[in-house]
Amino acid sequence: MIKEKFFTLRWNNILTLGLGLIMLIYVYFVLSTSVLSDVAAFIGLVLLGAIY
339 MIKEKFFTLR
349 WNNILTLGLG
359 LIMLIYVYFV
369 LSTSVLSDVA
379 AFIGLVLLGA
389 IY
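Quick note on the numbering used here: the sequence shown kicks off at 339 and runs consecutively.
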């Protein structure tokens, strides 16, 4: 496939929504539950922040 087909506004919006929703779900999960310890939640947020 041609590279230009992937660098469109449509694909940019799809990727932004997909990756952003994953991050928002994780942040909501960490803030609303106490399943993870504080250290584990912080490490997860740091890793996701470094990836995105």
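Beta carbons are placed, not taken as given, at the ideal position from N, Cα and C, and that holds for glycine. Predicted model, so just to flag it, every value in this text is computed and none were measured.
Put residue i into one of helix, strand or coil per three-state DSSP.
| i | result |
| --- | --- |
| residue 310 | This structure gives no information on residue 310, because the portion of the chain shown stretches from 339 to 390. |
| residue 364 | helix |
| residue 354 | helix |
| residue 370 | helix |
Just to check my reading of the structure: residue i and residue j have Cβ atoms closer than 8 angstroms, yes? What is that Cβ distance to the nearest angstrom?
| i | j | result |
| --- | --- | --- |
| residue 382 | residue 364 | 7 angstroms |
| residue 395 | residue 386 | Because the chain in this structure spans residues 339 to 390, residue 395 falls outside the shown range and cannot be described. |
| residue 374 | residue 368 | 6 angstroms |
| residue 355 | residue 390 | In fact, because the Cβ distance is near 13 angstroms, the residues do not count as touching under 8 angstroms. |
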